[in-house]
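> Just passing along the structure, written as structure tokens.
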Amino acid sequence: MTASARERADARFAAMLYIAHNAPAPFALNARRVDLHNLGTHEFRGCVPGPDPQRWLCVIVSTAQSPPGVTRDSSTQSNEEEFRPSF
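Residues 17 to 103 in the working numbering are what the sequence shown lists, from first letter to last.
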């Protein structure tokens, strides 16, 4: 496994653990469905859907530390919505 693949796997696992243990039940149940977006060097955004398809629970994961740091993102948009190119 390459270093970047390992970092991505670590970020996904950290996001899944955080969501499974800290999120409200409707989101925690979807912890294994984390959608991960690379924000740049050592930083990822992981999101899971809830019962309302327009409201997601997202976290920011920093793999610059060990174990990775995880903080809740205040945005409820999916990665697809958040990072959709604007024309």
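Each residue gets a CB set at the ideal place from its N, CA and C atoms; glycine is no exception.
With a CB to CB cut of under 6 angstroms and the five nearest residues on each side skipped, what residues in its chain are close to P67?
If you number the sequence shown from 1, residue 67 lands on position 51. Hits under 6 angstroms: P42.
> Let me know if R61 comes out buried or exposed under the rule of 16 or more other beta-carbons within 10 Å of its beta-carbon.
Taking the first residue of the sequence shown as position 1, residue 61 is located at position 45. With 16 or more Cβ atoms within 10 Å of its Cβ, R61 is classed as buried.
> Look at I76 and E98 and say whether their C-beta atoms are less than 8 angstroms apart.
Looking up residue 76 in the sequence shown gives position 60. Looking up residue 98 in the sequence shown gives position 82. No; because the gap between Cβ atoms is not below 8 angstroms, this pair is not in contact.
> In the DSSP assignment, what are the bridge partners of T87?
On the sequence shown, position 71 is the one that residue 87 refers to. Bridge partners of T87: I76.
> Using a Cβ-Cβ cutoff of less than 6 angstroms, which residues in the same chain neighbour C63 once the five nearest sequence positions on both sides are dropped?
Here residue 63 refers to the residue found at position 47 when the sequence shown is read from its first residue. Cβ neighbours of C63 beyond the five flanking positions: D51, W72, C74, S94 and N95.
> When the distance is taken between beta carbons, is T87 closer than 8 angstroms to A27?
Start at 1 with the first residue of the sequence shown, and residue 27 comes out as number 11. Start at 1 with the first residue of the sequence shown, and residue 87 comes out as number 71. Not in contact: A27 and T87 (Cβ atoms no closer than 8 angstroms).
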